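Each remark here refers to the structure printed beneath this line.
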Amino acid sequence: MIQSMTGYGKAVCELPNKKISIEIKSLNSKQLDLNTRIPNLYREKEIEIRSLLGKKLSRGKIDLSFYVEAATSDKITKVNQQVIKNYHEQLKTVAQELGLDNNTDYLKVIMPLPDTVKVELAELDEEEWKAIAQTLNAAITDIISFRKREGLALENDIRERIALIAQLLTEVPQYETQRIDKIKTRIRENLEELGQNNKIDENRFEQEVIFYLEKLDITEEKVRLSNHLEYFLETMQSRDAVGKKLGFITQEIGREINTLGSKANDADLQKIVIRMKDELEKIKEQNLNVL
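Residues 367 to 657, numbered by the numbering used here, are exactly what the sequence shown covers, in order.
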């Protein structure tokens, strides 16, 4: 069963003093493209988070966001007492030397000065992180479920189009016999126009027609196209990410259809080839979103 690269997952973690919502969104991309919005408190876990997302989601343009509602800030503000004392001693000395009023409110002067207050980040609690990690895994499970649902819709659509190409392939033989007759007639008409019709050696004529038709024979193309269609359906059953592999198979399918078209030499066959190409283009568009 295939998965879509498009998906959305969400999970919520309720902690004693905060609520954390984790959202994951993904779109199609040739490679794994990760973007994260993580609060500074959890930055030390970013490599671990990226590794988990890469392992579980494989490919796609993935956006991960943490939304935190907290009763208290993760930043701890502290008064730098030693710096304030040093400022006070220096200002007091200057005031005495200048004969200034000793009733000056030094704190009003000191507090705006540099380094009087320092801000520290709270340390990450490992028990808290365990709860968040479980929530992250729940969000990943949610987006995978979404991808599978989207993948089922993609698979059904692609299967219908593969079946239609296979059906069109079964219509090819009915035009092959008339194609041979048309080619023979066309060659005779050309010879008549040149006034050479009465000089034709029928045995030689048949040999030349057979040689010409061998160049236009499409038996191998029909067999290979049929095999590629079957292989495409088999590959979709894999549990692995098969988007790229399916892309390679569609290239081979397209190659056989193009060869059929170049060898067709018949208007009815060309119409079938055009319909095949139309379905194949739609399959390629859908396959861009397959994981």
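For glycine and all other residues, C-beta sits at the position ideal for the given N, C-alpha and C.
If you're wondering where the values come from, they're calculated on a predicted model, not measured in any experiment.
Span separating the alpha-carbon of residue i from that of residue j
i: T601; j: L381; result: 44 Å
i: S431; j: Q652; result: 28 Å
i: M642; j: F512; result: 31 Å
i: A630; j: I549; result: 11 Å
i: I368; j: V608; result: 7 Å
i: K610; j: L418; result: 21 Å
i: R425; j: I390; result: 13 Å
i: L407; j: L599; result: 47 Å
i: V589; j: K514; result: 33 Å
i: A633; j: Q540; result: 13 Å
i: K396; j: K484; result: 45 Å
i: K650; j: E526; result: 13 Å
i: T501; j: L518; result: 26 Å
i: L490; j: N522; result: 47 Å
i: R605; j: Q636; result: 37 Å
i: G375; j: R545; result: 56 Å
i: I450; j: E463; result: 20 Å
i: I553; j: L657; result: 52 Å
i: L479; j: A461; result: 17 Å
i: D471; j: W495; result: 45 Å
i: I524; j: T585; result: 25 Å
i: I373; j: Q603; result: The displayed chain sequence assigns Gly, not Ile, to residue 373. Their backbone Cα atoms lie some 20 Å apart in a straight line.
i: E455; j: I476; result: 11 Å
i: E410; j: K474; result: 38 Å
i: K581; j: I638; result: 20 Å
i: L591; j: I640; result: 15 Å
i: T551; j: T616; result: 37 Å
i: D508; j: N624; result: 42 Å
i: R416; j: I404; result: 11 Å
i: D429; j: I506; result: 12 Å
i: S628; j: A377; result: 55 Å
i: I528; j: D644; result: 11 Å
i: E618; j: D547; result: 31 Å
i: K458; j: Q448; result: 15 Å
i: E492; j: L400; result: 25 Å
i: N503; j: D583; result: 56 Å
i: L398; j: E516; result: 19 Å
Residue i, DSSP secondary structure in three states
i: I428; result: strand
i: I346; result: In the structure as shown, the chain begins at 367 and stops at 657. Residue 346 is therefore absent and cannot be evaluated.
i: N406; result: helix
i: E618; result: helix
i: E596; result: helix
i: E489; result: coil
i: K396; result: coil
i: L465; result: Sequence inspection shows Gly at residue 465; the Leu mentioned does not correspond to that position. Of the three classes helix, strand and coil, the one that applies to G465 here is coil, per DSSP.
i: I608; result: Residue identity check: residue 608 is Val in the sequence provided, not Ile. Coil, per DSSP.
i: L668; result: This structure gives no information on residue 668, because the portion of the chain shown stretches from 367 to 657.
i: V449; result: helix
i: I476; result: helix
i: I413; result: helix
i: I388; result: strand
i: V434; result: strand
i: V538; result: coil
i: N653; result: helix
i: N624; result: helix
i: N503; result: helix
i: N401; result: strand
Check: residue i C-beta below 7 Å from any heavy atom of the ligand MG
i: F614; result: This structure simply doesn't include the ligand MG, nor any ligand for that matter.
Expected contact under 8 Å - CB spacing of residue i and residue j to nearest Å
i: K422; j: I510; result: 7 Å
i: N452; j: T482; result: At roughly 10 Å, the Cβ-Cβ gap does not stay under 8 Å, so N452 and T482 are not in contact.
i: N394; j: L520; result: Their Cβ separation, rounded to whole angstroms, is 11 Å, which puts N394 and L520 out of contact at 8 Å.
i: L646; j: G613; result: 12 Å between Cβ atoms; not a contact.
i: K427; j: S370; result: K427 to S370, Cβ: 13 Å. No contact.
i: E587; j: E622; result: 5 Å
i: E412; j: T402; result: 6 Å
Would you say the stretch 523-535 touches the stretch 581-599, given that touching needs at least three Cβ pairs under 8 Å? At 8 Å Cβ cutoff, the stretches touch.
The stretch 416-433 contacting the stretch 375-391, beta-carbon criterion three pairs below 8 Å: Enough Cβ pairs lie closer than 8 Å, so yes.
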